[in-house]
Amino acid sequence: MSIHETYMHRCLQLASLGKGRVAPNPMVGCVIVHHDVIIGEGYHRTYGEAHAEVNAIESVKNKALLKESTLYVSLEPCSHYGKTPPCADLIIQYKIPRVYIGTKDPNPKVSGNGIARLETAGVAVECGILAAQAMEINKYFFTFQLKNRPYITLKWAKSADGYIDALQPKPIQLSNEITKTLVHKLRSENMAILVGTNTALKDNPSLRTRRWFGKNPVRIGIDKNLRIPKNYLLYNGQTTTLLFNSIKQEEGNPCMIQIDFTKDIIPQLLHELYKRNIHSLIVEGGKILLDSFINTGLFDEIHEETADVLLYEGTCAPQFSESILCSMEIVGKNTCATYVKKE
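Heads up, the sequence shown stops at 866 in the working numbering, and the numbers go up one at a time, no gaps.
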């Protein structure tokens, strides 16, 4: 690993501290180096607050050193006014002569413009340091910007003989206490979570982050004919909830969003989430809903948990292909596998 990669690796470590707190913004980390000594560090801590470069520059005690320093940042500095001023202008203001960047920002408002602004001002810029890692840490953000939809994670648990549900009406517990906690961690890292009507009626889920710290995701239900009773948890108002239906459009919590069920509802749903700036989605529905995403190819990642129990009959787990196994671990007596879709 080169010295530039070492400093960029530190930027990525810092960036990850913003996980679950900065969405829909990207996670960004920044390091400032003066004669091989780190004199400043920062990361984007909270959505709407200062960016990584601002926090790193503010952390430098002797600002006079900045004009002789090198700045490393995991994502291209912004060049436009949003909730905060352009970071590229701040770098120019402090006359920082060299900037190393992990990867370009895919946001059309930035993409290449931040680099161009720095270079026009005489700053030496190199981009592409640990680029793959810099893109991976912000896969939700890159998918949202490049595909105009949220990053989609499909999740289910199945029995050892391949069933996600038994024939009996009561819910079957396939996850153990540890994997339940990991599910809530995943919820805290995503902006929204989706279930279908049957899952909502059978399980009456709260879809909140109870076993992990962090924000609750936006709860989303598909309820064509508004069959979910109003005394169910999706109506409790404890977190933002959207209900996609065929009957009415109405603001409130839950917010009623009317869509056309005579057409494919998944693209309609994803378009609405894109308009609402929701950049990541977990789908925890039953087989019908999960299959609808798989069959249309609208997913990015699959989390499949296999329990050490047999059901012998029931609803078969979804089948999928065109995916690559990227991790597998034993958690208690269960096996948790993560797949990513082939591009």
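For every residue, glycine included, the Cβ atom is placed at its ideal position computed from N, Cα and C.
With fewer than 16 other Cβ atoms from the protein chains shown falling within 10 Å of its own Cβ, Q616 counts as exposed. The three-state secondary structure of D746, taken from DSSP, is coil.
Where T626 is concerned, there is no enclosing alpha helix (DSSP H), although the beta strand (DSSP E) around it starts and stops at 621 to 626.
Judged by their CB atoms, Q668 and P629 are nearer to each other than the 9 angstroms cut-off. Taken atom to atom, the span from the alpha-carbon of A575 to that of T785 is near 46 angstroms. Out of G645, L730, G605, V622, the CA that lies nearest to the CA of V556 is found in V622. Put simply, of V545, R533, V718, P777 the residue whose alpha carbon is nearest the alpha carbon of L804 is V718. Looking at the DSSP output, M851 sits in a beta bridge with A860. Only residues of its own chain outside the window of five on either side were considered, and among them Y663, T666, F667, M714, A715, L793, L796, Y797, I801, H802, S803, L804 have a CB closer than 8 angstroms to the CB of P673, listed in chain order. When V706, H558, Q781 are compared, the shortest CA-CA separation from H826 is found for V706. At the C-beta level, I624 and S597 come within 9 angstroms of one another. The criterion of a C-beta distance shorter than 9 angstroms is satisfied by I562 and K584. For the set P547, A680, V863, the Cα lying nearest the Cα of V832 is the one of A680. The Cβ atoms of S769 and D783 sit closer than 9 angstroms to each other. Around the C-beta of G820, fewer than 16 other C-beta atoms lie within 10 Å, and the residue is accordingly described as exposed. The count of Cβ pairs closer than 8 angstroms, one atom from the region 729 to 738 and one from the region 693 to 707, reaches three, so the stretches are in contact. Collapsing the DSSP output to three states places A680 in a strand.
Taking the Cα of Y604 as reference, the smallest distance to any Cα among S582, I751, A573 is reached at A573.
Here I743 is actually not in contact with L812; their C-beta atoms are around 11 angstroms apart, not less than 8 angstroms. In this structure, the alpha-carbon of P694 lies about 12 angstroms from that of L834. Distances from the alpha-carbon of G645 to those of G651, K618, K670 put K618 closest.
Distances from the CA of P790 to each of F816, E773, I780, R799 were compared; the closest alpha carbon is that of F816. DSSP, reduced to helix, strand and coil, places A689 outside both helices and strands of the structure shown, so it counts as coil.
Spatial neighbours of I780 in its own chain (CB-CB distance under 8 angstroms, excluding positions within 5 residues in sequence) are listed in chain order as L765, L766, F767, N768, Q772, E795. For H826, DSSP records a beta bridge to K678, T861. For I788, the enclosing alpha helix (DSSP H) begins and ends at 788 to 798. The C-beta distance from T838 to D688 rounds to 4 angstroms, short enough to fall under 8 angstroms. Per DSSP, F767 is one residue of the beta strand (DSSP E) stretching across 764 to 768.
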